[in-house]
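Q: Numbering follows the UniProt record's numbering, in which position 440 of the sequence shown is assigned residue number 440; successive positions increment by one, without gaps.
Beta carbons: idealized from backbone N, C-alpha and C, even for Gly.
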Amino acid sequence: MMQDILINWSPQETRVAVVEHGAVQELHVERTLERGLVGNVYLGKVSRVLPGMQSAFIDIGLERTAFLHVADIVAPFTPGSRGAAPAEREGRNGPQVPIEKQVFEGQSLLVQVIKDPIGTKGARLSTQISIAGRMLVFLPQDQHIGVSQKIPPEQRDALRRRLLALAEAAAAQESSNGAAAHHGGFILRTNAEDASDAELGEDIAYLRKTWTRIREQASRLPARSLLHQDLSLLQRVLRDLTTEETTAIRIDSREQHEALRRFGQEFMPQAVGRLQLYTGERPIFDLYNIDEDITRALGRRVDLKSGGYLVIDQTEALTTVDVNTGAYVGARNFDDTVFKTNLEAAQAIARQLRLRNLGGIVIVDFIDMVRDEHREQVLAEFRKQLGRDRVKTTAGGFSSLGLVEMTRKRTRESLAHMLCEPCETCGGQGIVKTARTVAYDALREILREARQFTPKEFRIVAPPQVIELFLDEESQHLAGLSDFIGKPISLQAEPAMGQGQYDIVLM
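1. Less than 7 Å separating the beta-carbons of Q25 and T246?
2. Just to confirm, is the Cβ distance from F133 to D203 under 7 Å?
3. Out of A195, R356 and L166, which has the shortest C-alpha to C-alpha gap to R208?
4. Taking contact to mean at least 3 C-beta pairs separated by less than 8 Å, is the stretch 406-415 in contact with the stretch 379-398?
5. Hey, how far is the Cα of L6 from the Cα of G122?
6. Which value, in whole angstroms, describes the spacing of the CA atoms of I460 and E292?
7. Tell me which residue opens and which closes the alpha helix (DSSP H) that R356 is part of.
8. Could you tell me the boundaries of the alpha helix (DSSP H) in which F291 lies?
9. Spatial neighbours of L491 within its chain, please: C-beta separation below 6 Å, excluding the five flanking residues on both sides.
10. Label G500 either buried or exposed according to how many other C-beta atoms from any shown protein chain fall within 10 Å of its C-beta, with 16 as the threshold for buried.
11. Please work out which residues of its chain come closer than 7 Å, Cβ to Cβ, to M497, disregarding the five sequence neighbours upstream and downstream, and give them in chain order.
12. Taking the straight line between their C-alpha atoms, what separation do you get for L163 and R274?
13. Assuming I485 is part of the alpha helix (DSSP H), what are its boundary residues?
14. What did DSSP end up calling V432 once you bin it into helix, strand or coil?
15. Per DSSP, which residues does Q314 bridge with? Please list them.
16. Can the beta-carbon of I489 be found less than 7 Å from the beta-carbon of A450?
17. Is T243 helix, strand or coil when you go by DSSP?
18. Drop a sphere of 10 angstroms on the beta-carbon of H257, count the other beta-carbons inside from all chains shown, and report buried for 16 or more, exposed for fewer.
19. Alpha carbon to alpha carbon, how far is L136 from R213? Give it in angstroms, no decimals.
20. Going by beta carbon distance, what residues of the same chain come within less than 8 Å of residue 509, once the five residues before and after it are set aside?
21. DSSP state of R375, grouped into three classes?
22. Would DSSP call H257 helix, strand or coil?
23. Quick check: the Cα distance between A248 and V272, rounded to an integer number of angstroms?
24. Please confirm whether any heavy atom of the ligand ADP lies closer than 6 Å to the CB of T394.
25. Rounded to whole angstroms, what is the Cα-Cα separation between L231 and L221?
26. In this structure, how does DSSP classify E63 when only helix, strand and coil are distinguished?
27. How big is the Cα-Cα spacing for L159 and Q173?
28. Can you find the residues in the same chain that come closer than 8 Å, C-beta to C-beta, to G360, ignoring five residues on each side of it along the sequence?
29. Within a Cβ cutoff of 6 Å, which residues of the same chain sit near D303, ignoring the five residues on either side of it in sequence?
30. If I measure Cβ to Cβ from A435 and keep anything under 7 Å in the same chain, skipping five residues before and after, which residues do I get?
31. Should Q385 and Q347 be called a contact, given that it needs their Cβ atoms to be closer than 7 Å?
32. Quick one: give me the first and last residue of the beta strand (DSSP E) that M406 is part of.
33. Tell whether a beta-carbon distance below 7 Å holds between G299 and G326.
34. Tell me the rounded alpha-carbon separation between E421 and E168.
35. So, is A71 buried or exposed, given that buried needs 16 or more other C-beta atoms within 10 angstroms?
Shown next, in the form of structure tokens:
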């Protein structure tokens, strides 16, 4: 499918929308003060080792210590070392070495962020460093040559042999220049399929130079230092989002257009021709009503064209998607109505996962279908749509309860977590206590306080709707409690209070 990429830039925020046939498929937001950490390389300091959890907490200079699990430790690099030889990596091919035998408190360790801090959780780290280039991913502590699964199988072996020869030539060149030869491993990215030897060689040289700079900084900088930062969202548009289907990349900032053009000429020359400076009077996101799509992507309900709808709920542990027929009654019989609604929902759900950047475990509750062939077609369509995702996804079949369980790799905060925060009134629950419930809570609180203290008067400070209830329907209960405790009870309305709040003042 042909796609356009729209970039709305401002000094405080960069927003990127991937549009196909007039519909937004992906949204990416990066704020200057909240830039993601995935891909950053730090010289961390081990602050605590937990043998029981086979994990360690690493101080990399952030507000919260980061988390390192034993499964993510591969030939940990420490300043002054060159990393372990392949035979020493028992965690890869042999028995897993306990974490307490690999790292110790106070140790300086080279680590890379593989998951941003999410909620109350700190960043997740790995000692397996990977540096992404235009066509290759460099694995300095590995010797493996991998090829993207999206490249046709018949081309993989030839590409692997070409890359191996180029990598060995680069290592030999380093040795002839007096530098220590360092091979390392590589993964060929999808856009390396038609790359020339010259282009691959340039990427190899860039990645090796970057790794050399990281090692040099690790040897001279103190612990908790940032050694390497991943590309900005603007630059990642050219590296990660631009494909053969991309017809145009439009950006509304002249300064950033020029900066992106210079970056593209050096690293992504084939994408430079698609860069366009948008100079229209209307804001660029208004062209496709993208701000409206963002607003809808923050809501629970997603309406389908057929009249059905989805209800999407994101929790700490997982995301649930419920499919409903709604007002759709267009098919000849109920089975066809359900089938067509589920088929449309399969397409919409895959799009919403990309749009909202939802990750982790996702449970989809399609409408129950009687016929096996309908279930198979819906599942096939769902997997087909998920296959368009840039992020790794896996989807199982229908469970005995009619649910489809799937996972989507989570590396950054979802759109809702990035743009929103929990409601101060409901605390993120989505519901609040009724005025009558709050009133009864206040009466019970006065009774408890009267057994411990003897003030001259009790005063209830609460929202206006609660005070109105005490003055009308609950006036007898309020007077009865006052008589029972032998103290007067006064009322004070406080409009600034949320509905679930109240306060008891001892006068």
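A: According to the structure data:
1. Residue 25 sits at position 25 when you count from the first residue of the sequence shown. Residue 246 sits at position 246 when you count from the first residue of the sequence shown. No, the pair does not count as a contact, with Cβ atoms beyond the cut-off.
2. As a first step, residue 133 must be located in the sequence shown, where it is residue number 133. As a first step, residue 203 must be located in the sequence shown, where it is residue number 203. The question names Phe, but residue 133 in the sequence shown is Gly. Cβ distance < 7 Å, so G133 and D203 count as in contact.
3. Counted from its first residue, the sequence shown places residue 208 at position 208. Among A195, R356 and L166, the Cα nearest to that of R208 belongs to L166.
4. yes
5. Here residue 6 refers to the residue found at position 6 when the sequence shown is read from its first residue. Here residue 122 refers to the residue found at position 122 when the sequence shown is read from its first residue. So the two alpha carbons sit approximately 32 Å from each other.
6. The residue you call residue 460 lines up with position 460 of the sequence shown. The residue you call residue 292 lines up with position 292 of the sequence shown. In a straight line, the C-alpha of I460 is about 43 Å away from that of E292.
7. Residue numbering aside, residue 356 sits at position 356 when the sequence shown is read from its first letter. It spans F334 to R356 - the alpha helix (DSSP H) in which R356 sits, taken as one unbroken run.
8. Counting from 1 along the sequence shown, the entry for residue 291 is found at position 291. The sequence given here places Asp at residue 291; Phe does not occur at that position. Looking at the DSSP string, the run of the alpha helix (DSSP H) that includes D291 is I290 to A297.
9. One-based indexing of the sequence shown puts residue 491 at position 491. Excluding positions up to five away in sequence, the list reads I460, I467 and F470.
10. Residue mapping note: residue 500 aligns to position 500 of the sequence shown, counting from 1. Classification for G500: buried.
11. Walking along the sequence shown from the start, residue 497 turns up at place 497. Once the five neighbours on either side are set aside, the close Cβ partners of M497 are A462 and P463.
12. Locating residue 163 in the sequence shown gives position 163, where the first residue counts as 1. Locating residue 274 in the sequence shown gives position 274, where the first residue counts as 1. Rounded to whole angstroms, L163 to R274 spans 28 Å at the Cα level.
13. Position 485 of the sequence shown holds residue 485. S475 to I485 is the span of the alpha helix (DSSP H), which, as asked, contains I485.
14. Mapped onto the sequence shown, residue 432 falls at position 432. Reduced to three states, the DSSP call for V432 is coil.
15. In the sequence shown, residue 314 corresponds to position 314, counting from 1. T319.
16. Walking along the sequence shown from the start, residue 489 turns up at place 489. Walking along the sequence shown from the start, residue 450 turns up at place 450. In this structure, A450 does not lie closer than 7 Å to I489 by Cβ.
17. Locating residue 243 in the sequence shown gives position 243, counting from the first residue. Coil, per DSSP.
18. The residue you call residue 257 lines up with position 257 of the sequence shown. Result: buried.
19. One-based indexing of the sequence shown puts residue 213 at position 213. One-based indexing of the sequence shown puts residue 136 at position 136. If you take the alpha carbons of R213 and L136, they lie about 18 Å apart.
20. Limits of the chain in this structure are 1 at one end and 507 at the other, which puts residue 509 out of reach.
21. Within the sequence shown, residue 375 is the residue found at index 375, counting from 1. Correct three-state label for R375: helix.
22. As a position in the sequence shown, residue 257 is number 257, starting the count at 1. Helix, per DSSP.
23. Taking the sequence shown and counting its residues from 1, one reaches residue 248 at position 248. Taking the sequence shown and counting its residues from 1, one reaches residue 272 at position 272. Their backbone Cα atoms lie some 10 Å apart in a straight line.
24. In the structure on display, the ligand ADP does not appear, and there are no ligands present to speak of.
25. The residue given as residue 231 occupies position 231 in the sequence shown. The residue given as residue 221 occupies position 221 in the sequence shown. So the two alpha carbons sit approximately 22 Å from each other.
26. In the sequence shown, residue 63 corresponds to position 63, counting from 1. Reduced to three states, the DSSP call for E63 is coil.
27. If you number the sequence shown from 1, residue 159 lands on position 159. If you number the sequence shown from 1, residue 173 lands on position 173. Rounded to the nearest angstrom, the two C-alpha atoms are 21 Å apart.
28. Residue numbering aside, residue 360 sits at position 360 when the sequence shown is read from its first letter. The residues are A317, L318, T319, T407, R408 and R410.
29. Residue numbering aside, residue 303 sits at position 303 when the sequence shown is read from its first letter. Result list for D303: Y309, in chain order.
30. Within the sequence shown, residue 435 is the residue found at index 435, counting from 1. Cβ neighbours of A435 beyond the five flanking positions: Q465, V466, L469 and Q499.
31. Here the question's residue 385 lines up with position 385 in the sequence shown. Here the question's residue 347 lines up with position 347 in the sequence shown. Cβ distance < 7 Å, so Q385 and Q347 count as in contact.
32. Numbered from its first residue, the sequence shown carries residue 406 at position 406. Here the beta strand (DSSP E) through M406 covers V404 to R408.
33. Within the sequence shown, residue 299 is the residue found at index 299, counting from 1. Within the sequence shown, residue 326 is the residue found at index 326, counting from 1. The answer is no: Cβ separation not under 7 Å.
34. Residue mapping note: residue 421 aligns to position 421 of the sequence shown, counting from 1. Residue mapping note: residue 168 aligns to position 168 of the sequence shown, counting from 1. Cα-Cα distance, rounded: 51 Å.
35. Residue 71 sits at position 71 when you count from the first residue of the sequence shown. So A71 ends up on the exposed side.
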